[in-house]
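**Q** Everything in the sequence shown is counted per the numbering used here, starting at 18 for the first residue and increasing by one.
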Amino acid sequence: MKILKRIVAVIILVIIILFTVFYFYKDTLIKKFVAKFNSDYNIEVAYNSVNFSVLRSFPNATLILNDLKVTTEKPFENDTLFYSKKLYLDLNIKDIFKKNADKINIKNILVKNAKVNLEINKNGLANYEVKYLGKTSDTSSDTKTNSDTNNDVTFSIKKYQIKNANILFNDKKANNYIVLTNLNHSGSGDFNASTMDLDTKTNIDAFTVKMGKITYLNKAKINLDAIFGINFNTMKFVLKENTLQLNDLILKLNGFIKHNKTNEEMDLTFSTPKANFKSILSLIPNAYSADFKGVKANGITNISGFAKGKYSDTEMPIYAVKIKANNASFKYPNLPKSVTNISFNGNIINNSKYSNPFLDITNLKFTIDQDTFETKGKITNLTKNPTVDASFSGTLNLENLSKAYPIQLEQKLTGI
Numbered sequence: 018m019k020i021l022k023r024i025v026a027v028i029i030l031v032i033i034i035l036f037t038v039f040y041f042y043k044d045t046l047i048k049k050f051v052a053k054f055n056s057d058y059n060i061e062v063a064y065n066s067v068n069f070s071v072l073r074s075f076p077n078a079t080l081i082l083n084d085l086k087v088t089t090e091k092p093f094e095n096d097t098l099f100y101s102k103k104l105y106l107d108l109n110i111k112d113i114f115k116k117n118a119d120k121i122n123i124k125n126i127l128v129k130n131a132k133v134n135l136e137i138n139k140n141g142l143a144n145y146e147v148k149y150l151g152k153t154s155d156t157s158s159d160t161k162t163n164s165d166t167n168n169d170v171t172f173s174i175k176k177y178q179i180k181n182a183n184i185l186f187n188d189k190k191a192n193n194y195i196v197l198t199n200l201n202h203s204g205s206g207d208f209n210a211s212t213m214d215l216d217t218k219t220n221i222d223a224f225t226v227k228m229g230k231i232t233y234l235n236k237a238k239i240n241l242d243a244i245f246g247i248n249f250n251t252m253k254f255v256l257k258e259n260t261l262q263l264n265d266l267i268l269k270l271n272g273f274i275k276h277n278k279t280n281e282e283m284d285l286t287f288s289t290p291k292a293n294f295k296s297i298l299s300l301i302p303n304a305y306s307a308d309f310k311g312v313k314a315n316g317i318t319n320i321s322g323f324a325k326g327k328y329s330d331t332e333m334p335i336y337a338v339k340i341k342a343n344n345a346s347f348k349y350p351n352l353p354k355s356v357t358n359i360s361f362n363g364n365i366i367n368n369s370k371y372s373n374p375f376l377d378i379t380n381l382k383f384t385i386d387q388d389t390f391e392t393k394g395k396i397t398n399l400t401k402n403p404t405v406d407a408s409f410s411g412t413l414n415l416e417n418l419s420k421a422y423p424i425q426l427e428q429k430l431t432g433i
């Protein structure tokens, strides 16, 4: 019993000593590192205060940076590139006692309540281009910079987490717009290796993708469990085991994304063979409403597609989304009418490295009550000045549209 008490007393004493030493060293450690980082790169890092814990990740220590803010150079100096309410860094306790900021070994990272603002302006300049400003070796253009050969921070990360983050990507030159609202993401793997399998889980409450005048996804819910095969030497990310859920639609993905100096290279395919029509319906704007769980739907739909090529400020990958449905139907629980006899065979295609997609509808047919409507044709130049070449036949009772589908309009529809 006396031995146990002594062991407990020693442990408490060690914790008190670590707590006291960490209290006096934490600000000096972070200030030196941030000052060196700001002098070496074209971005400015600032924070409000630093807290610490020796119990949260014992035997490691945890530094907690409050109100971390990152800004960049002109012409984006007045914009915030990154903000986090709290950033948790787990590191070796021995790093606390270092007199300089070199060789800090970070074990794990947790980012809470972050906001990320990524922008490409109309001149093609990106606010997220981080440049090393330190001295480089003059022996060869292929020789690594001092930053590469004598890293200030080393990573032995096994796990990282991002909680409650909002991300905006606004490409003003290409007129592309992506918003991720309330992103929760985690990943684990051996980041010390040159190649690794990164096991990730991602949840997004609202995901919006708009290219030109086309909104491909409007506040879609995202769940992704994926394993990425990563080669850090070539910066290539290969999709391995994965399941992607968009609202009610489950997709299987294959292919890779590769980060090059001037572009992002990709070769991706996706498919949902024999998906329920309700899953496709969930992706249509306004269809995924609060009462969507009560929607009754029948019919099988096949959806597939690909994206291949390079994305930069001057080019787009070619891509296609193909959807086919036969004899489908749906009815909303709070609406009196149903839509039946639905057939659809169509594609959204961009077959140029410039963004100029077109919609090709081989057939679209549906019935409300006894009224059947049918169309086929092509809409080209979608993102700029759409040109329609199509044929239509059938009857539409406009009042029945709002009785079968959750349309939100300022004026009531009437007429035949």
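Heads up, the beta-carbon is just placed ideally off N, CA and C, and yes, glycines get one too.
Everything numeric in this text was worked out from a predicted model, so none of it was measured.
Which two residues bound the contiguous beta strand (DSSP E) that contains residue 291?
**A** 281-293
**Q** Per DSSP, what kind of secondary structure is residue 208 in: helix, strand or coil?
**A** coil
**Q** I'd like the span of the beta strand (DSSP E) that includes residue 421, first residue to last.
**A** Counting along the chain, residue 421 falls outside any beta strand (DSSP E), though it belongs to the alpha helix (DSSP H) covering 415-421.
**Q** Buried or exposed, going by whether 16 or more other CB atoms sit within 10 Å of the CB of residue 407?
**A** With fewer than 16 neighbouring CB atoms inside 10 Å of its own CB, residue 407 falls in the exposed class.
**Q** Out of curiosity, what's the CA-to-CA distance linking residue 190 and residue 221?
**A** 26 Å
**Q** CA-CA distance, residue 412 and residue 134?
**A** 47 Å
**Q** Out of 284, 266, 300 and 273, which one is the CA nearest neighbour of residue 290?
**A** 266
**Q** On the DSSP letters alone, give me the boundaries of the beta strand (DSSP E) that residue 335 sits inside.
**A** Residue 335 -> beta strand (DSSP E) spans 335-348.
**Q** For my contact list, residue 333 and residue 370 are in at a C-beta cut-off of 8 Å; report their separation, rounded to the angstrom.
**A** 6 Å
**Q** Got a sec? Which residues, its chain only, sit under 8 Å from residue 90 by beta carbon, not counting five neighbours each side?
**A** 59 and 60
**Q** Relative to the C-alpha of residue 364, which residue among 124, 318 and 375 is closest?
**A** The residue among 124, 318 and 375 with its C-alpha nearest the C-alpha of residue 364 is 375.
**Q** Please go through the same chain and pick out, in chain order, the residues whose beta-carbon is closer than 7 Å to the beta-carbon of residue 150, but skip the five residues on each side of it.
**A** Same-chain partners within the cutoff: 57, 58 and 59.
**Q** Our contact map puts residue 347 next to residue 360 with C-beta atoms below 8 Å; I'd like the distance itself, whole angstroms only.
**A** Not a contact, Cβ separation roughly 13 Å.
**Q** Assign residue 147 to buried or exposed, taking buried as 16 or more other Cβ atoms, counted over all protein chains shown, within 10 Å of its Cβ.
**A** exposed
**Q** Looking only at C-alpha atoms, which of 178, 256, 309 and 78 sits nearest to residue 283?
**A** 256
**Q** So who's on the other strand from residue 58, going by DSSP bridges?
**A** 149
**Q** At what residues does the beta strand (DSSP E) containing residue 69 begin and finish?
**A** Under the DSSP assignment, residue 69 falls in the beta strand (DSSP E) whose first and last residues are 66-70.
**Q** Between which two residues does the beta strand (DSSP E) carrying residue 255 extend?
**A** 253-263
**Q** What would DSSP say about residue 372, mapped onto helix, strand or coil?
**A** coil
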